[in-house]
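Single-structure report; data block below.
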Amino acid sequence: MILETLGLPKIYDIESFSTEIGLSPKILYLLSQKQYLFYQNKQIPKKDGSSRQISIPSTSLKLVQKWIKIKMLDKLPLSDFSMAFRKGKSYGIKKNAELHKYDSYILKIDLKDFFHSINKTKVFYLFKGVGYNNLIANILTNICTYEDRVPQGAITSPVISNLICKKLDYRLSGVASKRGISYTRYADDMYFSCDDEILLRKAQNIIYKIIKEDDFIINNKKIKFMSPHSKKFVTGLIINDTKVLVPKEMKRKVRSMLHHAIATGDYNNIDSIKGYISFISSIEKDYRIKIEKYCEELIDKKQYRVSNDLVDKYNNNNFLKTKSMEYIQDTEFNEYEELIF
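The sequence shown stops at residue 354 when you use this note's numbering, and every number in between is there.
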């Protein structure tokens with residue numbers, strides 16, 4: 014009954030799962046019982062000198078995970094306070110910052126090893142809770158976890174993390190709203206804001222207690238308390254007099270990349286340039302006009318008139334032709350997040 018209400022596939026045994034997904038029972042068994050055959054681990058260096066483990070699923074496993082995501086996980090309701098890994102104007106990096114831009118004081122809490130803190134048992138009860146029996150819940154859990162936890166690198170991990178944190182979001186929002194505090198969560202970053210510094214500081218203990226009760230670890234080194242006398246960063250964006258802006262460092266990088274391309278005629282990184290322009294334009298609506306003017310000024314300089322091909326590239330809008338940002342996925346911003354987080 015629950016499966017039907019939620020519009021989820023009616024799967025009760027390995028045979029019905031095999032029929033529904035179009036794979037043999039043998040393949041499903043291998044994917045769910047021999048996960049180590051279908052993952053490749055990579056260590057990605059972090060800014061602080063440590064490394065982050067990324068577990069990359071094979072193409073076959075990724076396709077099955079994508080099916081589970083689309084047919085099951087994406088149909089389950091999330092909390093309104095979860096802002097990451099979601100489509101639409103009501104969510105995302107910019108919207109998350111906007112929800113705190115009018116408050117004088119902001120508390121940011123970072124959760125350490127976010128995905129890896131979500132264990133296999135929690136994922137099992139997620140699938141069990143929406144109506145699947147023990148057998149199917151166990152198979153789905155095995156396909157979506159690796160080394161007994163949610164892997165960073167699987168396509169299902171972001172939405173699973175949001176679903177697992179649903180109860181936590183509502184508990185924290187309840188504590189916050191009673192005190193007149195705004196709360197949002199962007200993946201592993203939690204934000205609390207209000208105009209009363211003492212009130213926000215007093216709320217910290219109960220906030221920490223609730224987070225720890227949900228088996229998440231607070232990264233004490235990354236706790237930030239922002240006031241009117243300090244720079245306010247929310248999801249990597251700057252809040253300045255209720256305006257949400259992209260840090261100047263990113264804009265300088267774009268100008269430098271454009272300068273190099275126009276001065277040398279080397280357009281190998283044009284896709285990266287367009288990606289940055291698209292991202293910044295989604296935050297600051299007037300940025301496109303400014304960067305167009307900058308391009309025009311560079312091209313007008315005699316020393317950069319290396320060929321007619323350069324002018325043609327600009328006239329054909331090759332620098333600035335970028336896709337619409339209205340429904341862009343947050344995961345498309347991975348390249349840019351290193352600069353703003």
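In this text, a Cβ means the ideal position worked out from N, Cα and C, and glycines have one as well.
DSSP places residue 313 outside any beta strand (DSSP E); the residue lies instead in the alpha helix (DSSP H), whose first and last residues are 300-313. 118 is the residue among 118, 140, 265 whose C-alpha sits nearest the C-alpha of residue 243. By the neighbour-count criterion, in which 16 or more other beta carbons inside 10 Å mark a residue as buried, residue 62 falls on the exposed side.
Residue 108 holds the alpha-carbon nearest to the alpha-carbon of residue 252 among 108, 84, 18, 96. In the three-state DSSP reduction, residue 253 falls in the strand class (E or B). Residue 235 and residue 285 have their C-alpha atoms roughly 29 Å apart.
Around the Cβ of residue 193, a 10 Å sphere holds fewer than 16 other Cβ atoms; the residue is exposed. Per DSSP, reduced to three states, the secondary structure at residue 167 is strand. When secondary structure is reduced to three states using DSSP, residue 90 falls in the coil class, being assigned neither helix nor strand. Under the DSSP assignment, residue 198 falls in the beta strand (DSSP E) whose first and last residues are 195-199. Put simply, of 170, 71, 293, 34 the residue whose alpha carbon is nearest the alpha carbon of residue 258 is 293. Less than 8 Å divides the Cβ of residue 89 from the Cβ of residue 19. Per the C-alpha coordinates, the member of 159, 129, 53 positioned closest to residue 177 is 129. Annotated as distal: residue 46 and residue 159, with beta-carbon spacing of 8 Å or more. The beta carbon of residue 186 sits closer than 6 Å to those of 94, 196, all from its chain and outside the five residues before and after it, given in chain order. Annotated three-state conformation of residue 38 is helix, per DSSP. Following the DSSP letters along the chain, one finds residue 52 inside the beta strand (DSSP E) bounded by residues 52-58. The Cβ atoms of residue 41 and residue 152 sit closer than 8 Å to each other.
Here residue 50 is exposed: its Cβ has fewer than 16 other Cβ atoms, across all protein chains shown, within 10 Å.
Counting C-beta pairs closer than 8 Å gives three or more between the region 53-69 and the region 161-173, which meets the contact rule.
Going by beta carbons, residue 168 and residue 139 fall outside the 8 Å limit. Under the criterion of beta carbons closer than 8 Å, residue 21 and residue 136 do not qualify as touching, at roughly 16 Å.
Take the alpha-carbon of residue 220 and the one of residue 99: they are about 25 Å apart. Excluding the 5 residues flanking it on each side, residue 267 has same chain C-beta neighbours closer than 8 Å at 286, 289, 290, 293, 304, in chain order. Here residue 159 is bridged, per DSSP, to 162. Comparing C-alpha distances from residue 276 to each of 313, 102, 301 shows the shortest one belongs to 313. Comparing C-alpha distances from residue 256 to each of 79, 110, 126 shows the shortest one belongs to 110. Within its own chain, the residues whose Cβ lies closer than 7 Å to the Cβ of residue 184, once the five positions on either side in sequence are excluded, are 223, listed in chain order.
Secondary structure at residue 24: coil, using DSSP grouped into helix, strand and coil. Under the DSSP definition of a beta bridge, residue 258 partners with 251.
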